[in-house]
Amino acid sequence: MITKPFSKIALPYFLTGLISAIMLQRIGLRYFYPLIPPPIMNNISIVFFIGVLLDMLFLLPKNFKNHPDPYSMLAFWQDALRYLIALDMCIFGVCKFFGLQFNTPLALLDNPFNTISDSELMWAFFGHSRIYTLLIGGIEIAGGLLVIFRKTRLLGVFVLLPVTLNIFFLDVFYNGIVTSVYIGIEIAGLVYLLWIEYPRLVKIFFTDDDLKRYFFKSKVIRNLVKLSVIVIPFILMAIVEYPQYYPEINGKYVVKQLKVNGKDIAVPSVDSVLTKVYIDKNDIVLEYNKPWKRLIGNYKYNEDNRQLTATWRFPQSARDTLKAQITPATVGGKATLTGKMGKESLNIEIERINNGTR
Numbered sequence: 036m037i038t039k040p041f042s043k044i045a046l047p048y049f050l051t052g053l054i055s056a057i058m059l060q061r062i063g064l065r066y067f068y069p070l071i072p073p074p075i076m077n078n079i080s081i082v083f084f085i086g087v088l089l090d091m092l093f094l095l096p097k098n099f100k101n102h103p104d105p106y107s108m109l110a111f112w113q114d115a116l117r118y119l120i121a122l123d124m125c126i127f128g129v130c131k132f133f134g135l136q137f138n139t140p141l142a143l144l145d146n147p148f149n150t151i152s153d154s155e156l157m158w159a160f161f162g163h164s165r166i167y168t169l170l171i172g173g174i175e176i177a178g179g180l181l182v183i184f185r186k187t188r189l190l191g192v193f194v195l196l197p198v199t200l201n202i203f204f205l206d207v208f209y210n211g212i213v214t215s216v217y218i219g220i221e222i223a224g225l226v227y228l229l230w231i232e233y234p235r236l237v238k239i240f241f242t243d244d245d246l247k248r249y250f251f252k253s254k255v256i257r258n259l260v261k262l263s264v265i266v267i268p269f270i271l272m273a274i275v276e277y278p279q280y281y282p283e284i285n286g287k288y289v290v291k292q293l294k295v296n297g298k299d300i301a302v303p304s305v306d307s308v309l310t311k312v313y314i315d316k317n318d319i320v321l322e323y324n325k326p327w328k329r330l331i332g333n334y335k336y337n338e339d340n341r342q343l344t345a346t347w348r349f350p351q352s353a354r355d356t357l358k359a360q361i362t363p364a365t366v367g368g369k370a371t372l373t374g375k376m377g378k379e380s381l382n383i384e385i386e387r388i389n390n391g392t393r
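The sequence shown maps to residues 36 to 393 in our numbering.
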């Protein structure tokens, strides 16, 4: 007789019921929307899950205890859990092949980058490459098929676990906690399928293998070699040149007043007039009315005398070096850039509208 029968069957039964209720709602809303209105579909899913809970609390313990073969009943719910996870992964994978995921409206792609929400940004990123979308879909389908067969179920869990974890963290940081709950439940199901294979996992990961080894004569050298995999990255971090960051000047500025060689230039008056200045951790960008009309370069800033020197790398024809003094932005965001670019003298009054953070 299985010890603590209810505790052994309750978890796979609960996970199976919870996943099936959420799948029922999602599939109903997505594929049967014309036939079943969303409020009705939501209520059906809620009632279904309440029924699962009531059955688990009042009927399941008695049925499992009195079952002539409790092992087979436990195996049934474990297999049901595998089936639902496999089905869900295959649905997600097939959706990608038929172009039902990662679709980004063309109008959204023309919006300024900083106006796009985190979820839209993620969707556009993954949808940019059709091949990448098909690759993810193929992995989901392959993992689902591996999970459904008993001999390959452990391999299927290893395939799906990193994929679902990646989706989970993307949802947490880009879509919010609520949208990540469902994939978190599926991860719990995969972890459960991994946990019931604990004896096999111990044999795979924690027993000696027959592979040939190279033994260092010195134990100290052997340990130093192993330690080097974490020490070397920190050494590289110590010698690398870090991006410069000056909070007092970094940010996005709009040009409020412009003087070239002592003459006022209306902003904006012609296509070639300077309208925006971006001072970033690595770059300085001067924009002339349009995003595709820009000077992009690197700069050095002396905090003592507030001297800024910029050289341009784009376009390649840009040769004039900018040498100017910048006054840090005031509380109102106003600053002044005074100096020369090539043979032209500049006096630019600018206003910071973004300090470089989203």
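Cβ coordinates follow ideal geometry from the N, Cα and C atoms, glycine included. Bear in mind that the values here come from a model prediction, so they are computed numbers and not experimental data.
What separation, rounded to the nearest whole angstrom, lies between the Cα atoms of residue i and residue j?
i, j, result
"residue 168", "residue 56", "27 Å"
"residue 220", "residue 159", "26 Å"
"residue 321", "residue 141", "27 Å"
"residue 186", "residue 251", "39 Å"
"residue 302", "residue 325", "13 Å"
"residue 267", "residue 318", "29 Å"
"residue 156", "residue 379", "40 Å"
"residue 37", "residue 106", "Annotation note: pLDDT 44 at residue 37 (below 50); position unreliable, coordinate value reported separately. Cα-Cα distance, rounded: 8 Å."
"residue 133", "residue 165", "11 Å"
"residue 153", "residue 213", "14 Å"
"residue 278", "residue 174", "37 Å"
"residue 367", "residue 389", "12 Å"
"residue 273", "residue 263", "15 Å"
"residue 122", "residue 110", "18 Å"
"residue 342", "residue 349", "22 Å"
"residue 90", "residue 238", "37 Å"
"residue 44", "residue 236", "21 Å"
Short of 8 Å in beta carbon distance, which residues of its chain neighbour residue i, apart from the five on each side in sequence? Order them along the chain.
i, result
"residue 385", "288, 289, 290, 291, 312, 369, 370, 371, 372"
"residue 143", "151, 155, 159"
"residue 129", "172, 176"
Within the same chain, show all residues whose beta-carbon is closer than 6 Å to that of residue i, passing over the 5 residues directly before and after it, in chain order.
i, result
"residue 113", "47"
Provide the residue span of the beta strand (DSSP E) that contains residue i, from first to last.
i, result
"residue 376", "369–376"
"residue 388", "379–389"
Per the DSSP calculation, residue i is bridged to which residue(s)?
i, result
"residue 155", "DSSP lists no partner for residue 155."
"residue 361", "372"
With residue i as the anchor, note down where its alpha helix (DSSP H) starts and where it stops.
i, result
"residue 73", "73–89"
"residue 105", "105–132"
"residue 182", "165–183"
"residue 205", "188–205"
"residue 95", "95–101"
"residue 143", "141–144"
Tell me which residues share the same chain as residue i and place their Cβ nearer than 7 Å to its Cβ, disregarding the 5 neighbours each side in the sequence.
i, result
"residue 51", "112, 115, 116, 119"
"residue 139", "158, 159, 162"
"residue 195", "124, 178, 182, 225"
Length-filtered (3 minimum) beta strand (DSSP E) runs lying within the region 271–358 = 286–295, 298–300, 311–314, 318–323, 325–337, 342–349
Give, in chain order, every unbroken run of the alpha helix (DSSP H) that is at least 4 residues long and sits entirely within the region 215–279.
-> Entirely contained in the region 215–279, the alpha helix (DSSP H) runs reaching 4 residues are, in chain order, 233–240, 254–274.
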